[in-house]
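Take a look at the structure set out below.
4 protein chains.
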Amino acid sequence: MTLPTDYVAALASQHLAPLWASIRTLIPYDLPARSTVPALWRYVDLRPLLVRSGELVPIELAERRALVLCNPGHPRENLRAAPAIFIGLQLLLPGEAATNHRHTASALRFIVEGSGGHTTVDGEKLPMEPGDLILTPGGCWHEHDQQSGEPVIWMDALDVPLIYYLEASMSEAGELQHAAAGLDASATRFRRAGLVPYRELGSRDRYPLLRFPWRDTKQALQDLARGVAHDSAVHLAYVNPLTGEECLPTLGCSALMLRPGEERSFPRRSASAVLHVVEGSGDAEIDGVSFAWAEHDIVVVPTHVELTVANRSSTSAAFLFMVDDAPLQRRIRIYREFS
Amino acid sequence: MTLPTDYVAALASQHLAPLWASIRTLIPYDLPARSTVPALWRYVDLRPLLVRSGELVPIELAERRALVLCNPGHPRENLRAAPAIFIGLQLLLPGEAATNHRHTASALRFIVEGSGGHTTVDGEKLPMEPGDLILTPGGCWHEHDQQSGEPVIWMDALDVPLIYYLEASMSEAGELQHAAAGLDASATRFRRAGLVPYRELGSRDRYPLLRFPWRDTKQALQDLARGVAHDSAVHLAYVNPLTGEECLPTLGCSALMLRPGEERSFPRRSASAVLHVVEGSGDAEIDGVSFAWAEHDIVVVPTHVELTVANRSSTSAAFLFMVDDAPLQRRIRIYREFS
Amino acid sequence: MTLPTDYVAALASQHLAPLWASIRTLIPYDLPARSTVPALWRYVDLRPLLVRSGELVPIELAERRALVLCNPGHPRENLRAAPAIFIGLQLLLPGEAATNHRHTASALRFIVEGSGGHTTVDGEKLPMEPGDLILTPGGCWHEHDQQSGEPVIWMDALDVPLIYYLEASMSEAGELQHAAAGLDASATRFRRAGLVPYRELGSRDRYPLLRFPWRDTKQALQDLARGVAHDSAVHLAYVNPLTGEECLPTLGCSALMLRPGEERSFPRRSASAVLHVVEGSGDAEIDGVSFAWAEHDIVVVPTHVELTVANRSSTSAAFLFMVDDAPLQRRIRIYREFS
Amino acid sequence: MTLPTDYVAALASQHLAPLWASIRTLIPYDLPARSTVPALWRYVDLRPLLVRSGELVPIELAERRALVLCNPGHPRENLRAAPAIFIGLQLLLPGEAATNHRHTASALRFIVEGSGGHTTVDGEKLPMEPGDLILTPGGCWHEHDQQSGEPVIWMDALDVPLIYYLEASMSEAGELQHAAAGLDASATRFRRAGLVPYRELGSRDRYPLLRFPWRDTKQALQDLARGVAHDSAVHLAYVNPLTGEECLPTLGCSALMLRPGEERSFPRRSASAVLHVVEGSGDAEIDGVSFAWAEHDIVVVPTHVELTVANRSSTSAAFLFMVDDAPLQRRIRIYREFS
């Protein structure tokens, strides 16, 4: 449908666009328009570049020394791994500190390697050991430091693409936090499922548990493997123990154990996800495209795809950590699974 | 901080970006990065272009014959009036019908002029009279028709910029709905505040009330003006009567009455908004920039601005309809007001 | 099963009882043990006794001049009309005032006759016209007065049998309230279903709407009668417009319109109820026992019964107001309907 | 105020009572009317009577072989330890089974002594070891059996006084359950605070965790003692891990550790409670009355009292299990603490 030139010009001058020219792009049939593509980053390739950033960039200048995974389907300046998920790999060298700040966006850290680092969140000092999940919800002060003898590397996941898109992304710099004496206090207050400090009963607006040690998560997965049927998924969601809800408003975290030789398919769904390999190796098939993953690799799963992950070892379990935007989609009531 | 060329190339080839180069853009201090600018569209300018679209574009080819307001701060193909809000002006001529479809995005219609049109939502046929608000929540089938003698024009507001960005925006075409006999049934079931059909008590996942007639809203505003202090805002939120929550998961609707001569300031806040002038004329000042508005004009209010609206008539009340993304921001816990 | 005398004595001396002797009483099969019996109080009988109390008992000595309906199945000192519901008929003569107090129990008032009375609740002065529902939730200060020329009579319903049983029932006397200027302010703030004052959005712990005028309720019932199928109940629940929940935590209120000649059966359910006849006359059948009701009569419906009400007029609609303990039962998850 | 005899008779014949004669009893000033008195039952006294019931009463005739603690302030046939709490001590001998039934009332079992018993709840077979808490929420099928060599004794707590008072208490007998293979499955699915099976995310109406082993609770208390300030209470609430809410709708469970020599005061509050001594010995002072408690003793704490508990050992911690009706009071919004 060709419009008269003067009409087109009049529309342009008034900052108007004809909907009919774009309606099928905006709301296509069958599948949404997606720029995000399935992708895998190999840790073996990433790591040297991250290590070299440690040589090139002083932490004082960087504020955060991280390499951002930019989905090949998006322009690189977008800094999006998935539609609403930012993924970075961050390095902190011995003796360094990443200064205290806070921002609108919510973040989580999943530790990849290195021991002895700490993240301090709103005055609570949290150890960073490989496999640990640490939350820094939107608006919480946080800083990182590494005082022992080895570099620490972690994966950052943030909802900042969403917050930035909403034109609400801001930050604030703060003074060094003086962490309270109780190192990792939340883990001592919240240990056993179904038990919470009496005085915290009924609090629904707080993030009382900020660190989930991998040692415990792995143990819980192994317990679960004994508690469910042999063909059921061994899949645990990380939740706020005071509410039972996912621990961040927009991003969901979960841990998946694949028994030796196990292959597991997930329904096509409206949410996107990022997988991080904690232990083991195997394959991921995303809408028919295969990726072979090894320890610490990162896989991006777009919206509305079919996903199958498989553990190719016949003797060892594999463990995957997943971040997705399902909580956001549930909160705005667009989350769907397609059988 | 200049990086070695080979390192820059290596990052690019691996789809990586250095965070430190972009961190202040992504999470700036003091104010978020905003592309959306304050803007006003005059109905007196818009209307002729919309009427001409009726001559140029057959409804059968357009699916929806609408002109989209593209914020001057964004590229026009973005179709965003505000960060998460799409605004269109739609025309339906006598004898026309806009066919039945449904989509992931949620929409609302605010009728500007013309009488005798109908929107049918999930089998409920709803009259479209000037000032009426009609909801077509995500996933609900909806079609429009106009059988009487005059064109009908309405404003569409959708959260489609968000849903598209999340790569979850889809649509489906449907057969013509056979509307149930009970014209505008929800308005007869939900009339008085505090009274709901007994059998619907406790339903929290439905949209039971789909049409809010302007006649009633205006009356409720005039009642409220008598019920609040003289210097309090006369401002009503449209809610789901079964839950008390805003009527769409992402978009909030409200109606504001400005008494003769009244000037009202709103706190700087993290949400963006779009104002539609139902009756009257006056001014809007957005972070120091002034806009004079008249009947049916549309004003875009970016995030994090100070807003003052004023009724310049000393004898008549003015009425504004507002759409904002505060419900979305509340659900993901980033909504803030700055005193 | 006979126990040795010494054992019985030992149990008694230790304040112990053998469960096996009482288990079937405590948790019988098929139907619960019920003391509450179906009962009807005729207004024509009640009214003279209430009027006489006005001659016998000065309001200053009575604090509240009310006659309490004591279910014939219970000892009269129990003051229970139904298991958890207290029902009284209260009289206030011209020039009298029932002083300001507040208590743990929640109450509601349904006006039977007389014009010109007021109840003041937490500083809001509410007119009492026949058929109006006025809430005085637990903990709210309230006083009544009648300054015009005729006696006012209303029905009180309270959850005090429950609160007393929980040994938590207390009261406090207060100074005369100085009611704010805005007579019946909540009705001007909450008029149309789906519209609430913007600043009150999201408040979930308040009782924003304290008076439901009968004029509006009756109109809403008549509207509903047009909006539902001919064989559907015309039954409205009174709710908190900010939450959609029943307006008191323990007691539910609803209004039922019976079209001319209409007979309506309710499922057997775990809740008990009290019916008050606002207009009309008809019959109630409760587990096979019939009661003929006329204007202002009160009928008690025990738990777990089948109830049918019928309007015996072929020309006029009848209107019933119902109070039940379903909200309490829902909150503690024991509410059931049996099909 | 003396009423004329004929008037009194007329009221009686109409099943009416004058409110003014009872108003201060029903809603007293300052403190509620309370029949429940502070009381202690010594296990050393209870146990022999319970053992003797094992000799006197065959389980087949008893259905449940339990002795009920009847508060001395109430008539013994009331079977109330506290206003809304039934407490029994139950005995099951080797080889015995207490048959499958379910009822409206909710129950919990706290194991006192004996090993090898099981409770099967809705097909899940749960071990009963000393100190374990086992839930049998209202409506869930449950049976008990003891197949190993020693008697098992537990404390039952039910909300049956409330349910009976509401005239909604019923039971149903069922066939023997065939417990699913997975012994104690819920404990393998819910182990670590903050981790829940992915597929159970968002379920809010289930009781997914039915057994809380004492071994874990004790460990969690000892962890908490390290995680809180020295003068803070070491007090854990038992919650539903999918919701963060107390695990039964009416009854709250918690576990308190008293460090050696620790004395702890609780605010006066509207709820009543029952304490069971898991380990240790000490004192309880209730509104000035002292009780010396030892292992397995049971103490009843009325509403609106001041409570202080003290561990009189200078070397060992003491552990108390508490049941209260605070969840009920919170749900109906009457729960209060007085500072």
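Protein chains in written order, with the numbering used here: chain A, 192 to 530; chain B, 192 to 530; chain C, 192 to 530; chain D, 192 to 530.
Even glycine gets a Cβ: it sits at the ideal position worked out from N, Cα and C.
Only counting the same chain, and skipping five residues up and downstream in sequence, which positions put a Cβ closer than 8 Å to that of residue i?
i: A:Ser-360; result: His-294, Thr-295, Ala-296, Val-351 and Ile-354
i: C:Ala-424; result: Leu-447 and Arg-455
Just the chain C side, please: which residues come within less than 7 Å of residue i by C-beta, in chain order?
i: B:Ala-542; result: Since the first and last residues shown for chain B are 192 and 530, residue 542 of chain B lies out of range.
i: B:Thr-379; result: Asp-414, Leu-415, Arg-417 and Gly-418
i: D:Gly-279; result: Leu-210
Only counting the same chain, and skipping five residues up and downstream in sequence, which positions put a Cβ closer than 7 Å to that of residue i?
i: A:Ala-378; result: Arg-402 and Pro-404
i: C:Arg-503; result: Ser-472, Gly-473 and Asp-474
i: D:Gln-368; result: Asn-291, Thr-311, Gly-314, Trp-332 and Glu-334
i: C:Ser-445; result: His-426, Leu-427, Ala-428, Tyr-429 and Met-513
i: A:Glu-436; result: Val-430
Given a cut-off of 8 Å on the beta-carbon distance, is the pair residue i and residue j in contact?
i: D:Val-480; j: D:Leu-511; result: no
i: B:Pro-274; j: A:Glu-268; result: no
i: A:Leu-427; j: A:Leu-415; result: yes
i: C:Gln-205; j: D:Leu-466; result: no
i: C:Ser-461; j: C:Asp-515; result: no
i: C:His-265; j: C:Arg-256; result: no
I want to verify the contact list: residues of chain D whose CB lies under 8 Å from the CB of residue i, in sequence order.
i: C:His-206; result: Ala-230, Trp-232, Leu-260, Cys-261, Asn-262, Pro-263 and Arg-267
i: C:Glu-254; result: Trp-211 and Ile-214
i: A:Val-387; result: Ala-384, Leu-427, Ala-428, Val-430 and Gly-435
List, in order along the chain, the chain A residues whose C-beta lies closer than 8 Å to that of residue i?
i: B:Ile-571; result: Residue 571 of chain B lies beyond the range of chain B shown here (192 to 530); nothing can be said about it.
i: D:Thr-408; result: Arg-383 and Leu-386
Within the 8 Å Cβ cut-off, does residue i reach chain C?
i: D:Tyr-398; result: no
i: D:Leu-222; result: yes
i: D:Thr-290; result: no
i: B:Thr-295; result: no
i: B:Ser-445; result: yes
i: D:Ile-477; result: no
i: B:Ala-411; result: yes
i: D:Asp-488; result: no
i: D:Asp-516; result: yes
i: D:Ser-463; result: yes
For residue i, go through chain D and note every residue whose CB falls closer than 9 Å to its CB, in chain order.
i: C:Gln-337; result: Result: empty, since nearest Cβ-Cβ is about 17 Å, beyond 9 Å.
Residue i versus chain B: which residues are under 8 Å apart at the beta carbon?
i: A:Thr-494; result: Leu-357, Glu-358 and Ala-359
i: A:Asp-236; result: Gln-205
Would you mind telling me which residues of chain C sit closer than 8 Å to residue i, beta carbon to beta carbon, in chain order?
i: B:Phe-301; result: Ordered by position in chain C, no residue passes the 8 Å Cβ test against B:Phe-301, which lies about 15 Å from the chain.
Which residues in chain A sit within 9 Å of residue i, going by Cβ to Cβ distance?
i: B:Pro-440; result: Arg-522, Ile-523, Arg-524 and Ile-525
State buried or exposed for residue i, treating a residue as buried only when at least 16 other CB atoms are found within 10 Å of its CB.
i: B:Gly-365; result: exposed
i: A:Ala-200; result: exposed
i: A:Ala-203; result: exposed
i: A:Thr-327; result: buried
Check the Cβ of residue i against every Cβ in chain D and list those closer than 7 Å, keeping chain order.
i: C:Met-192; result: Val-248 and Leu-252
i: A:Phe-510; result: Within 7 Å Cβ-Cβ: nothing; A:Phe-510 doesn't reach chain D, min ~13 Å.
i: A:Phe-403; result: Gly-385
Report all residues from its chain with a CB closer than 6 Å to the CB of residue i; omit the five preceding and five following residues, and keep chain order.
i: C:Asp-336; result: Ala-288 and His-309
Starting from residue i, find everything on chain B with Cβ-Cβ shorter than 9 Å and list it in chain order.
i: C:Ala-424; result: Pro-388, Tyr-389 and Arg-390
Distance cutoff 8 Å, beta carbons only. Does residue i sit that close to anything in chain B?
i: A:Arg-459; result: no
Can you find a C-beta in chain A that's less than 8 Å from the C-beta of residue i?
i: B:Thr-499; result: no
i: B:Gly-329; result: yes
i: B:Thr-532; result: Within the shown structure, residues of chain B are numbered from 192 to 530, placing residue 532 of chain B beyond reach of any answer.
Closer than 8 Å, CB to CB, is residue i near chain D or not?
i: C:Arg-225; result: yes
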